[in-house]
Amino acid sequence: MRRDLAFRYLRGVGLLVVLIAVGVTALATREQWLPWLQTETPTAASNEPPAPVTEPKVLKLSPQARKNLDLVSKPVTTQDYWRTIQIPGVIVDRPGLSDRGVTSPAVGVVTQVHAFAGDTVEPGQALFTLRLFSEYLQSTQSELFKATRETQLIKEERDRIDGLAKNGTIAGSRLIELDQRIRRQDGLIQAYRQDLLTRGLAPEQIEQITAGKFVSTIEVVAPPAIDATAEERPIQPVGFLEDPGDDRRVYEVQELKVELGQQVQAGQLLSVLSNHRLLYIEGHAFKQEAPQLEQAAQHGWPIEVDFAEDDRLSWPPLQQEFHIRHLSNTIDPASRTFDFFLPLTNQSRTYQQGEQMFVVWRLRPGQRVRLHVPVEQMKNVVVLPAAAVVREGPEAYVFRQNGDLFNRIPVHVLHEDRTHVVLASDGQAAPGFYLAQGSAASLNRVLKAQAASGVRADVHVHADGTVHAAH
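Numbered per my numbering, the sequence shown finishes at 1049, counting up by one with no gaps.
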């Protein structure tokens, strides 16, 4: 009996010790197991839905920030806009008007070169001196001299017998025969003179030949200028650059084809002269673009031209509208493109070095251009610079200015190219709104940065701690 009581007593004491140890351990480790009990117990706050995330739409810029971005805002206006396609091109010489070849009028030897590559010459100015070796030219001079002398003898004989014919001593038929011979000789003289003129001899030299002084040298001169505005009729040489703006009457020696002492044949090319006032813009298009180019040429729509590497600051603006003159009907087998041509009137200026004057042209053959050919007219649209619109996926945004605040508003883009963006006039960009004309990407980054900071740009906090909308 006593043994059972002792056993029960010891078991109770052991159980109490275990409970005390568990309690002390739980109290010591409460920081570890207490959060588990709290997470398992739902609260009323955890049942509330999370606060909605508002998309940032307004940003605030200081006047200094706007100056740093070079930001300009302008009111929205609607207009008509031509949608264009871009086609590469190059400036080329205009055949028949830009370059002129100078040839030898007869067989001879080059004894003197008067104008070298890069020199500027006027029509009629000496380019070469040739010593003649042409038997034909020498024979023509001899025939002209003999025909002239024969005519003088016939006229003297007629004067001598004119009085005898009036007295009846000699028949009048004799005078008629002499008159016929004189007319025949005059025809020969005229033919010889014309032949020598076409060979490059001056009228003064021909007069010397008729006096018996044969020409052994000949000067090759620059040809007359061509005035394309007067139906490409040749004009007479004038004083060298009497009108500095009239660059149609000067040539530049582009290339020499002969050397001093070289023998040349009749018709051989001596030099190439150039005048780059009248040029062509040559566009290179693919066959699928032919209908659009044909439509632009047929309706006479103006073509916008961007000249590469053009110094616009030191030259006056080109007061010229560019139109397609004609389209080529052949396709280049290598590039699979066809050409079309726009007339171009160049600009020039001169400078002096010693006694020599030189001409500098604004645009040069080989210079690259970009052509904007109109294909469709879009009416009642809003046109902005390309930098005024920023894209985020399918969305496009512009920024409307309201004081120091800029509201980001979505817009519908109808067309865009390298320089412009065309927007639909659907109320989002209504006429009268002041829209930023550039730096849209920078403004969008600033908007996101301000939204990430947690401070809204369209509110401000008063000294008493109250929050109000910006006003």
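For each residue, glycine too, the CB sits at the ideal point set by N, CA and C.
Bear in mind the structure is a predicted one, so any value in this text is a computation, not a measurement.
Residue i and residue j look like a contact to me (Cβ under 8 Å); what is the Cβ gap, rounded to whole Å?
{"i": "L848", "j": "V836", "result": "5 Å"}
{"i": "V947", "j": "F864", "result": "Actually they are not in contact, since the Cβ atoms of V947 and F864 sit about 17 Å apart, beyond 8 Å."}
{"i": "G679", "j": "V842", "result": "About 13 Å separates the two Cβ atoms, so there is no contact after all."}
{"i": "F916", "j": "S906", "result": "5 Å"}
{"i": "A684", "j": "R777", "result": "5 Å"}
{"i": "Q930", "j": "A966", "result": "Not a contact, Cβ separation roughly 48 Å."}
{"i": "L710", "j": "T795", "result": "7 Å"}
{"i": "H993", "j": "I881", "result": "With 8 Å as the limit, H993 and I881 do not qualify as a contact, their Cβ atoms being about 18 Å apart."}
{"i": "L838", "j": "V691", "result": "6 Å"}
{"i": "R661", "j": "E954", "result": "4 Å"}
{"i": "L766", "j": "A725", "result": "5 Å"}
{"i": "V699", "j": "V831", "result": "7 Å"}
{"i": "V1054", "j": "E860", "result": "Residue 1054 is absent from the model: the chain starts at 579 and stops at 1049."}
{"i": "S682", "j": "G878", "result": "Between G878 and S682 the Cβ distance is about 44 Å, and since that is not below 8 Å, they are no contact."}
{"i": "A964", "j": "T997", "result": "6 Å"}
{"i": "T923", "j": "R855", "result": "7 Å"}
{"i": "Q783", "j": "V688", "result": "That pair is no contact at about 18 Å."}
Which one or two residues does DSSP pair with residue i in a beta bridge?
{"i": "W1136", "result": "In the structure displayed, the chain extends from 579 to 1049; residue 1136 sits before or after that span and is not available."}
{"i": "S849", "result": "V680 and L834"}
{"i": "W893", "result": "Bridge partners of W893: none, in fact."}
{"i": "D884", "result": "R948"}
{"i": "R986", "result": "F977"}
{"i": "Y1012", "result": "P653"}
{"i": "T908", "result": "Partner(s): none; T908 has no beta bridge."}
{"i": "V1000", "result": "V961 and H993"}
{"i": "D740", "result": "BP columns for D740 are empty, so no partner."}
{"i": "Q1051", "result": "This structure cannot speak to residue 1051, because the chain is shown only from 579 to 1049."}
{"i": "F723", "result": "DSSP lists no partner for F723."}
{"i": "E728", "result": "Answer is none; E728 lacks a bridge partner."}
{"i": "Q955", "result": "W660"}
Is residue i helix, strand or coil by DSSP?
{"i": "Q930", "result": "strand"}
{"i": "V831", "result": "strand"}
{"i": "K733", "result": "helix"}
{"i": "A622", "result": "Since pLDDT at A622 reaches only 45, below the 50 mark, its modelled position is unreliable, and the value read off the structure follows with that caveat. Looking at A622 - three-state DSSP - the assignment turns out to be coil, as it is neither helix nor strand."}
{"i": "K1026", "result": "helix"}
{"i": "G1050", "result": "The question about residue 1050 has no answer, for the chain in this structure spans 579 to 1049."}
{"i": "L941", "result": "coil"}
{"i": "P802", "result": "coil"}
{"i": "V595", "result": "helix"}
{"i": "R946", "result": "strand"}
{"i": "R969", "result": "strand"}
{"i": "T795", "result": "strand"}
{"i": "Q763", "result": "helix"}
{"i": "L871", "result": "helix"}
{"i": "E782", "result": "helix"}
{"i": "Q898", "result": "coil"}
{"i": "T915", "result": "strand"}
{"i": "T776", "result": "helix"}
{"i": "Q840", "result": "coil"}
{"i": "Q925", "result": "coil"}
Which residue's Cα is closest to the Cα of residue i: the options?
{"i": "H901", "options": "G686, A875 and A1007", "result": "A875"}
{"i": "L962", "options": "S676, P801, V1000 and L756", "result": "V1000"}
{"i": "Q1006", "options": "A844, V976 and I909", "result": "V976"}
{"i": "L857", "options": "G590, G679 and V668", "result": "V668"}
{"i": "G1010", "options": "V654, R589 and R969", "result": "V654"}
{"i": "Q1028", "options": "E954, L637 and R727", "result": "L637"}
{"i": "P701", "options": "L838, P801 and R890", "result": "P801"}
{"i": "Q657", "options": "V960, L722 and S913", "result": "V960"}
{"i": "A1019", "options": "A1008, A1030, A1002 and A974", "result": "A974"}
{"i": "R644", "options": "S913, F984 and Q955", "result": "F984"}
{"i": "G932", "options": "D697, I987, I787 and P911", "result": "D697"}
{"i": "P952", "options": "D995, E735 and P943", "result": "D995"}
{"i": "D798", "options": "M956, T607 and A693", "result": "The sequence shown places Val at residue 798, rather than the Asp named in the question. Closest by alpha carbon: A693."}
{"i": "Q763", "options": "I909, V1024, I732 and Q873", "result": "I732"}
{"i": "N853", "options": "I663, L675 and W879", "result": "L675"}
{"i": "I909", "options": "L834, H862, L649 and L708", "result": "H862"}
{"i": "Q945", "options": "S913, D888 and Q934", "result": "D888"}
{"i": "L891", "options": "Q898, R940, H877 and R738", "result": "R940"}
{"i": "L722", "options": "R672, E785 and E755", "result": "E785"}
{"i": "Y1012", "options": "L834, K1026, Q979 and R1023", "result": "Q979"}
{"i": "A1008", "options": "R855, T603 and N958", "result": "N958"}
{"i": "A1002", "options": "Y659, G590 and P641", "result": "Y659"}
{"i": "I987", "options": "H998, K635 and E899", "result": "K635"}
{"i": "Y829", "options": "S682, L708, M935 and R589", "result": "M935"}
{"i": "Q768", "options": "L871, T718 and D757", "result": "T718"}
{"i": "P895", "options": "H904, R903 and V883", "result": "V883"}
{"i": "G971", "options": "V991, D982, G981 and P943", "result": "V991"}
Check whether the Cβ of residue i lies closer than 9 Å to any Cβ atom in chain D.
{"i": "K652", "result": "Looking at the structure shown, chain D is missing, and only one protein chain is on hand."}
Indicate, with yes or no, if the ligand FAD has a heavy atom lying under 8 Å from the CB of residue i.
{"i": "D884", "result": "As far as ligands go, the structure on display features none, and thus does not contain the ligand FAD."}
Item to check | Uninterrupted alpha helix (DSSP H) stretches inside the segment 638-716 (no shorter than 4 residues) | outcome: Correct list: 641-646.
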